[in-house]
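Residue numbers (this note's numbering), protein chains in the order written: chain A, 147 to 374; chain B, -6 to 432; chain C, 25 to 344. Glycine residues also receive a C-beta, built at the ideal position from the N, C-alpha and C atoms.
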Amino acid sequence: MGKLKIVFNGILKENPVLVLVLGTCPVLAVSVSVAGALGMGIAATFVLIGSNAVISALRKIIPSNVRIPCYITVIATFVTIVMMLIKAFVPSLYAALGVYLPLIVVNCIILGRAEMFAAKNKMLDSILDGIGMGLGFTLIIVIMASIRELLGEGSWFGVSIIPEEYTIGVMTRSPGGFLTYGLLMAALAAILAKKGKKPLKFSTSNGCADCPVASACNGSHECEEGAE
Amino acid sequence: MSNIYLKPNIGGGIKTAGLKSTEDFKTATLPLPKKVVIPFTHHIGAPSAPVVSKGDHVFVGTKIASSTSFISADTHSSVSGTVSDIIELHWSDGSLRPSAIIETDGEQKPDPGITPPEISTREDFVSAVQSSGLIGLGGAGFPTHVKLAKTKQPVDTLVINAAECEPYITSDYRTIMEETDEVIEGIETVLRYTGVKKAVIGIENNKPKAIELLNKKLNGSPEIRVVPLKTIYPQGAEKVLIGRVTGRAVPSGGLPADAGTIVLNVTTVSFLSKFVKTGFPLVEKRITVDGSAIAKPGNYLLPLGYCIGELAENLGGYVRSPERILLGGPMMGIALSSEDFPILKTTNAVLYLSESEVSTIPNNNCIRCGRCAYGCPVCLSPVEIDTAYENGEIDELKTLSVKNCIECGCCSYNCPAGRPLTQTMKLAKALLAKVGEKK
Amino acid sequence: MTKLLSVAPAPHIRSKKTTNLIMLDVIIALLPVVVASGILFGLNALVLIAVSVAGCVLSEYLWCRLMKKPQCVQDLSAVVTGILIALNVPASLPIWQVLFGDVVAIIIVKQLFGGIGYNFVNPALAARVVMGLSFPASMTSYTYPAGTLEGMSGATPLSSIDALSNATPEAATHLGKYADLFSLFIGRHGGVLGETCALAILIGGIYLIIRGIIKPIIPLSFLATTFLLHYAFGSIAPLHAILSGGILLGAVFMATDYTTSPYTDKGKLVFGVGCGILTAVIRTYTNTHEGVTYSILIMNLLVPYINKLTRKKPYGGAAK
């Protein structure tokens, strides 16, 4: 793929949140406020770019059967760096993100892209993929947070817009999160369908090899059934 | 002695308006048609081979098609005249069936070769019945002689189907009222030659006069008993009838003999008694004509092959435009696409229905009310079969016992969403058959 | 003589009871409850019900237009959902909040899953839960019919019955007066629009049974199980338990919804008993008074399994 295409891939066609459906846990948890969402997005992007770069650089050295612990070590290093930086410079964000900050270590997007992309591609491409995926992640989580914060608390980025009597409480709770998530997924699928692009069927050029759930699926190709 | 038979669990069925307005119309006759169209094969089983060709002259009762195996039947001409053509008749299922067009000469000369059969054993009886061309006159069309042959399973009851559960149809009722002696003699004949010990006549209780008449003529006979049944459709369905009058169920995929019974329609036994005395084969049928579109509804004794269009003309024509013409009752009858179709051995009614007598509800989503399952006489779940068929779930269809469906129409009748459930059952059966073939 | 004959597969006659006629019967059965809510809570109640119906019908109409599907409002199921949603909210609920509930019920629970017959839980109850989470204050500020005791802010019979054990004698007499059976029966107490007048609900229920729309199995097994369990647990007087807290509305109108309840008699019995057990347990051992709502929703989720397990055995045995 062209270099720019790799970046846009992560934003739209293979958006990690709405298309690949990876990293849903922080998405649902942190998309309650725009400030937290933005912070999480930037932190995760930083880690993603860093870990993709390093893992790609080391891809020929890491033995296949210990690759997961190696990836996690690399990712954890970057997460530690990010955590320390945020704790020092933006303590309010550190408090807001709470446990989800260290949980970036096991964020499926980062681990998934390490496995699916960085382990097989050159360093520059991996960095661009990290940028694209990170941007996609941040974009969606901020959009979700905008919707949820606006409808649920009547504010945006802390600025009060709608008076409290007119807020809908469910939006800040989990049911509201799932509803927003689902509706956004449907909206993106509709947009992609209109443009003529079929939704992702995990049919990247390498078939099952790129699929993050290949080991669980055992070739039953459930991804291809009814993937409309 | 332990009961080796299954207990029948029979589901709700449906209560329809009886619409038996022709019940007191004595059977009449009509002028002969100019021509008759007689398919060589009316029955279920191996097709019959034609034995006449264009230009042949036939009498009433002349054999025009011969059975090719045991589960097959002969067919005979219902008029005297000349075979003017052999055509391929468009059947309701889309197939083409070879048929003879016979121009009537108006004389109705019986075939001189017909003599009463000589019967001393069960085997003689079976082959004599085979030569009569008799098939189930209740509408199913199964060759009767096959039912009368000796079976591996023990048979202790002859069940006579006089239920006539479909709305409009009264031809069996007229048979009982007008040919009571023949009916009883026919039953006795079957009992004698098959060695079955007793007979039960199952009849819906909306026919009190028939029940009374039969009881009077039977005069407390120890062999033959009349059992009145509640008037619910489909009491006349074979499996349901056996369950109601004997308390036994026919096992899935089995035959009445597996429940120790032989089932014959009441008109079939009446014909049998006449045949045994005269040897005259099956060439005419008592048909109920009804529906508000036709001028003269009633019961008519008609030669086989009478075309529906000519029939309508001889019945006084149409008083209003027919919306649908059915061969059979409104629950299981077949809609004709043209008036050029003839009356068959399996026809017991021709209904010329106007728009107000036919229901069409547009097909909507299933609301999962379960009325179909309540109404199903054989306790299936059409609601689940419908979903499984739509999703193409073969294994689920097998588990749901689609093959047991008797295609009575109760599910479609009940469905508030107007879903064509009976059709779905048939399509599901076809799907399973196709999948079974592939293996 | 060439007439065009219509050709269709058998059967050629159908039962007259179509989906929209069934829904019409349900609407008629709900009229006594609607009238009672108008009498007990005033004109505001009727306005709320009317707005809710309009909201549901409009949502469904617009959805079918937007998604280019065949129009389905004429099957009247949106009207029924609209009435039921309104009957689940207090008379003082702001109109925009009830409209939100309408959209959740029709668009999210029903249409997004495939329309009528495909909703996986009762739409009105799901809307009630979402509204309860979204607008906790307004959903619990019950208004009181004229002639009942004031001074018990936010209390419904259920919460005041709970409080009986800790009440002072004076308050107990108040509570006793408040929670007497006759008041519970005719609805002279606080609550949402539809759960107060037991008499009206029973009339509606009997109408539905006579017209063959519902079978009495679910309501009877639901109520009987709750009655017996409350007697066993000793938490709430059994007769009070079945006359308060929306259980009658739930048992007669919500639990009996075709799509979200089993279709065999045995299945309906299991469903009703399950609802009863869950209601009694939730009411006794948790702080929430929404026992009926959650019990019906949970049992709704189990319906496909109940259907599978309670299928009738086919005549002649299963096909091989």
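query	result
Taking the beta strand (DSSP E) that Arg218 (chain B) belongs to, which residues open and close that run?	Ile217 to Leu222
Starting from Asn258 (chain B) and walking both ways along the beta strand (DSSP E), at which residues does that stretch end?	Thr254 to Asn258
Below 7 Å on C-beta distance, what does Leu319 (chain B) contact in chain C?	His36
Can you check which of these residues, A:Gly282, A:Thr318, A:Leu194 and A:Val228, is closest to Leu334 (chain A) by C-alpha distance?	A:Gly282
List the residues that DSSP assigns as beta-bridge partners of Ile94 (chain B).	B:Val30 and B:Asp78
Could you name the residues of chain B that Gly229 (chain C) contacts, counting a contact when the two beta carbons are closer than 7 Å?	Within 7 Å Cβ-Cβ: nothing; Gly229 (chain C) doesn't reach chain B, min ~17 Å.
Ignoring anything shorter than 4 residues, give me the alpha helix (DSSP H) runs that lie fully in the stretch 268 to 310 of chain C, in order along the chain.	289 to 309
Work out the CA separation of Ile237 (chain C) and Ala224 (chain C) for me, nearest whole Å.	17 Å
At a threshold of 7 Å, does Ile51 (chain C) count as lining the ligand SAH (C-beta to nearest heavy atom)?	The model on display carries no ligand, and the ligand SAH is accordingly not part of it.
Have a look at Lys338 (chain B) and Asp174 (chain B) and give me their C-alpha separation to the nearest angstrom.	23 Å
According to DSSP, is Asn341 (chain B) helix, strand or coil?	coil
Please classify Thr43 (chain C): is it buried, with 16 or more other beta-carbons within 10 angstroms of its beta-carbon, or exposed?	buried
Hey, could you find the ends of the alpha helix (DSSP H) Gly196 (chain A) is sitting in?	Val180 to Ala203
Are the stretch 141 to 152 of chain C and the stretch 81 to 92 of chain C touching by the rule of at least three beta carbon pairs closer than 8 Å?	no
Can you tell me whether Phe63 (chain B) is buried or exposed, with buried defined as 16 or more other CB within 10 angstroms of its CB?	exposed
Identify, in the order they occur along the chain, each residue of the same chain with its Cβ nearer than 8 Å to the Cβ of Gly66 (chain C), setting aside the five sequence neighbours on each side.	Ala115
Among the residues of its own chain, which have a CB less than 6 Å from the CB of Val173 (chain A), if the five just before and after it don't count?	Val163 and Ile287
Do you know how far the Cα of Ile260 (chain C) is from the Cα of Ala187 (chain C)?	Per-residue confidence for Ala187 (chain C) stands at a pLDDT of 49, beneath the threshold of 50, marking its modelled position as unreliable; the derived number appears in the next sentence. Cα to Cα, Ala187 (chain C) sits roughly 11 Å from Ile260 (chain C).
Please work out which residues of its chain come closer than 6 Å, Cβ to Cβ, to Lys13 (chain B), disregarding the five sequence neighbours upstream and downstream, and give them in chain order.	Thr163
Quick one: grab the DSSP three-state call for Cys300 (chain B).	strand
Which residues in chain A sit within 9 Å of Phe277 (chain C), going by Cβ to Cβ distance?	Those do not exist, as Phe277 (chain C) stays about 24 Å from chain A at its closest Cβ, beyond 9 Å.
Note down, in chain order, every chain C residue with its Cβ under 8 Å from the Cβ of Arg319 (chain A).	Leu157
Give every residue of the same chain whose Cβ lies closer than 7 Å to the Cβ of Asn358 (chain B), excluding the five residues on either side of it in the sequence, and list them in chain order.	Ala410
Output the boundary residues of the alpha helix (DSSP H) element that contains Lys191 (chain B).	Segment Lys191 to Glu197 is the beta strand (DSSP E) holding Lys191 (chain B); no alpha helix (DSSP H) there.
Tell me whether Gly200 (chain C) sits in a helix, a strand or coil according to DSSP, three-state version.	With a pLDDT of 48 at Gly200 (chain C), under the threshold of 50, the modelled position of that residue is not reliable, and the figure given next carries that caveat. The answer is helix: DSSP assigns Gly200 (chain C) an H, G or I state.
Taking Cβ-Cβ distances shorter than 7 Å, what residues in chain C pair up with Arg361 (chain B)?	Gly141, Tyr282, Thr283 and Tyr287
Note down the Cα distance separating Lys149 (chain A) from Lys268 (chain A), rounded to an integer number of angstroms.	12 Å
In whole angstroms, give me the CA-to-CA distance for Asp49 (chain B) and Leu319 (chain B).	32 Å
Compare the Cα-Cα distances from Lys28 (chain B) to each of B:Gly309, B:Val76, B:Ile177 and B:Pro375 and report the closest residue.	B:Val76
Here's a check: name, in chain order, each residue in its chain whose Cβ is nearer than 6 Å to the Cβ of Glu96 (chain B), leaving out the five neighbours to either side.	Lys28, Gly74, Thr75 and Ser77
With DSSP run on the structure shown, which of helix, strand or coil describes Ala343 (chain C)?	coil
Output yes if chain C places a C-beta closer than 8 Å to the C-beta of Met418 (chain B); else output no.	no
Whose CA, out of A:Met279, A:Leu296, A:Leu184 and A:Met331, lies closest to the CA of Met262 (chain A)?	A:Met279
Counting only beta-carbon separations shorter than 8 Å, does Leu249 (chain A) have a partner in chain C?	no
With a cut-off of 8 Å, does the C-beta of Phe124 (chain C) fall near any C-beta of chain A?	yes
Which residues in the same chain have their Cβ closer than 8 Å to the Cβ of Phe52 (chain B), if we skip the five residues on either side of it in sequence?	Ser70, Ser73, Lys102, Pro103, Asp104 and Pro105
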